[in-house]
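J.:
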Amino acid sequence: NSDVTLKNERVSVVFDSMTGLVKEMTNTDKGISIPLSQNFFYYIGHDGDNSKPEKQASGAYIFRPNETNPYPINTSATLEIVNGELVNEVRQVFSNYTSQVVRLYAGSPYVEFEWTVGPIPIGDNKGREVITRYMTKLASDNKFYTDANGREILQRVRNYRPTWKLNQTEPVAGNYYPINSRAFIRDEVANSDIQFTVLNDRSQGGGSIQDGNLEIMLHRRLLHDDSLGVGEPLNETGVAGNGLVVRGKHYVYLGDKSSSAKLHRDLGEEIFMAPITAFTTSKLTPEEWA
Amino acid sequence: SYKIDVLKRAMGVSQHHDAVSGTEKQAVAYDYAERLANGSAECQEVINIALNKLQDKAPSIAAALEWKFCNYLNVSKCGLTENNTAFYMTVYNPLGRPVDKWLRLPVRGKAYTIYTGPNGELVPNQVVPLSKETKMVPDHNNSRATADLVFKASLPALGFNTYYISQSSGRRTAVRKVRQNR
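Chains as they are written, first to last, in my numbering: chain A, 590 to 879; chain B, 3 to 184.
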């Protein structure tokens, strides 16, 4: 009945015993601890009406959710725990199409979230757009930061564009930006030095729709064409015909601003230029090989 | 270089805006994927040749090795590591600085011994059982793996390290299920 703690010598993550969801994250090196929650949600894609431009459907070109608030895929997850000398992991199952493994390797300063989503159900004739949302209490003051193709970090301000006066008509999609390799939020309060950083393994879209939150789109399956040229709904069925299963990783780091800046530069490079593995079943003995 | 050109051309085609944004028609998406896969396969042949050139071989064993690549490691699937009780692995680091990288290989054994380097140093490893519930061995991928073999590769800048991996006797890491209050 007690909470589950995943930890190594540098970082720890606590999972709530009641819900199975992440509850707290601590950077032991830096002595920083924050309440952190993470869950999967989905937006229902707007069906649209292609005869009326103002009623655009959510599709390949356009992210246009039906409502501002997404639905949680589940409010709790079942847990499995693996403890070992090199890696500890907590496996969470949220639904028959959403699961996650949270991993902590020995000596690692960051936590790995490996998400698996799909096939997204469409039996109720609703298109779904699945996100993961990291929820902190950081006072991010309408701001979050993304990379520009892995190079310059850009500050994004909610409902604001730096070069024109914005008339915001899409409270969610209008605050989504490309996240090509990393995104982070900071405690923007004076004298606070906390930063929460997420690196991804592929380009995704995401935003900070509420202060302290960072959400990232993982997988989409939609039933209507958005009438911008592709001429098909974004509904990949895959080989089996039920829809695609997608798996990817987020690398999550909690730290101060300077250590976060160093980590995301080094780690971003290591994710982008990952080692190349090759295998052979040579009959050589290990001695001959050596 | 003509082998590398296959991937160069596929990448060139993929600079088109609909490949970048994912707004192509499904049939076109399949075509892009096929071009990239063909390019990737050709480049793997080049890497095969390069690895054989980089690795000094004793005159008595001068025959070139055939290196295989596991393109589905992200979904815990690799025929070679699943179906062999012993194999060699080379890990090349393309970065200009040394890197420590955690590797996960899909396997079927319960315990493994890993040696590296010319002196045959033992590499600590852990065998982590896969979970059907989290779809780590999804029915979709026809994998026979029952576990992931986890170890850390320490790699030099712009260089490689080789590992000899063989099945041994021992036990896997235990999995604990948590019963939750609802």
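The beta carbon of each residue, even a glycine, is placed where N, CA and C say it ideally should be.
Fair warning: this is a prediction, and the values are worked out from it, not measured in the lab.
Going straight from the alpha carbon of B/Gln28 to that of A/Asp815, what length do you get?
T.: 15 Å
J.: By the criterion of Cβ-Cβ separation under 8 Å, what are the contact partners of B/Glu44 in chain A?
T.: Those do not exist, as B/Glu44 stays about 15 Å from chain A at its closest Cβ, beyond 8 Å.
J.: Mark B/Val93 as exposed unless 16 or more other C-beta atoms lie within 10 angstroms of its C-beta, in which case mark it buried.
T.: buried
J.: Using a C-beta to C-beta distance shorter than 8 Å, which residues of chain A count as neighbours of B/Leu53?
T.: Ala867
J.: Going by C-alpha distance, which of B/Ser16, B/Ala21, B/Leu107 and B/Gln128 is nearest B/Arg146?
T.: B/Leu107
J.: Is the shortest distance between the beta-carbon of A/Ala879 and the beta-carbons of chain E less than 7 Å?
T.: No chain E is part of this structure, whose protein chains are labelled A and B.
J.: Within 7 Å of any Cβ in chain A, is that where the Cβ of B/Arg173 sits?
T.: no
J.: Would you kindly work out how many angstroms separate the C-alpha atoms of B/Lys112 and A/Glu674, rounded to a whole number?
T.: 16 Å
J.: Which residue from A/Glu703, A/Lys715 and A/Thr866 puts its Cα closest to that of A/Tyr660?
T.: A/Lys715
J.: Closest Cβ-Cβ distance between A/Ser684 and chain B: below 7 Å?
T.: no
J.: Would you call A/Thr758 buried or exposed, if buried means 16 or more other Cβ atoms sit within 10 Å of its Cβ?
T.: exposed
J.: Among A/Asn628, A/Asn672 and A/Glu821, which has the Cα closest to the Cα of A/Val682?
T.: A/Asn628
J.: Nearest-angstrom Cα distance between A/Tyr650 and A/Thr752?
T.: 23 Å
J.: Looking at the unbroken alpha helix (DSSP H) that takes in B/Ala31, where does it start and where does it end?
T.: Annotation: the continuous alpha helix (DSSP H) that includes B/Ala31 extends over Gln28 to Leu56.
J.: Contact criterion: CB-CB distance below 7 Å. Does A/Arg750 meet it with respect to chain B?
T.: no
J.: Hey, does A/Pro864 have any beta-carbon neighbour from chain B nearer than 7 Å?
T.: True, the Cβ-Cβ gap to chain B drops below 7 Å.
J.: With 16 as the cutoff for other CB atoms within 10 Å, does A/Ile720 come out buried or exposed?
T.: Looking at its Cβ environment, which holds 16 or more other Cβ atoms inside 10 Å, A/Ile720 is buried.
J.: Tell me whether the beta-carbon of B/Trp69 lies closer than 7 Å to the beta-carbon of B/Asn86.
T.: no
J.: What is the DSSP secondary structure of A/Asp618, counted as helix, strand or coil?
T.: coil
J.: Going by the DSSP bridge assignment, what does A/Tyr766 pair with across the sheet?
T.: A/Gly795
J.: Taking the C-alpha atoms as reference points, what is the distance between B/Asn183 and B/Phe71?
T.: Residue placement at B/Asn183 cannot be trusted, given a pLDDT of 47 that sits under 50; the coordinates are not used to answer.
J.: Please go through the same chain and pick out, in chain order, the residues whose beta-carbon is closer than 7 Å to the beta-carbon of A/Leu811, but skip the five residues on each side of it.
T.: A distance below 7 Å between beta-carbons, with the five flanking residues on each side excluded, links A/Leu811 to the following residues of its chain, in chain order: Gly634, Ser647, Gly648, Gly716, Pro822, Leu823 and Asn824.
J.: Quick check: the Cα distance between B/Gly161 and A/Gly696, rounded to an integer number of angstroms?
T.: 23 Å
J.: What are the start and end residues of the beta strand (DSSP E) that includes B/Tyr117?
T.: For B/Tyr117, the enclosing beta strand (DSSP E) stretches over residues Ala113 to Thr118.
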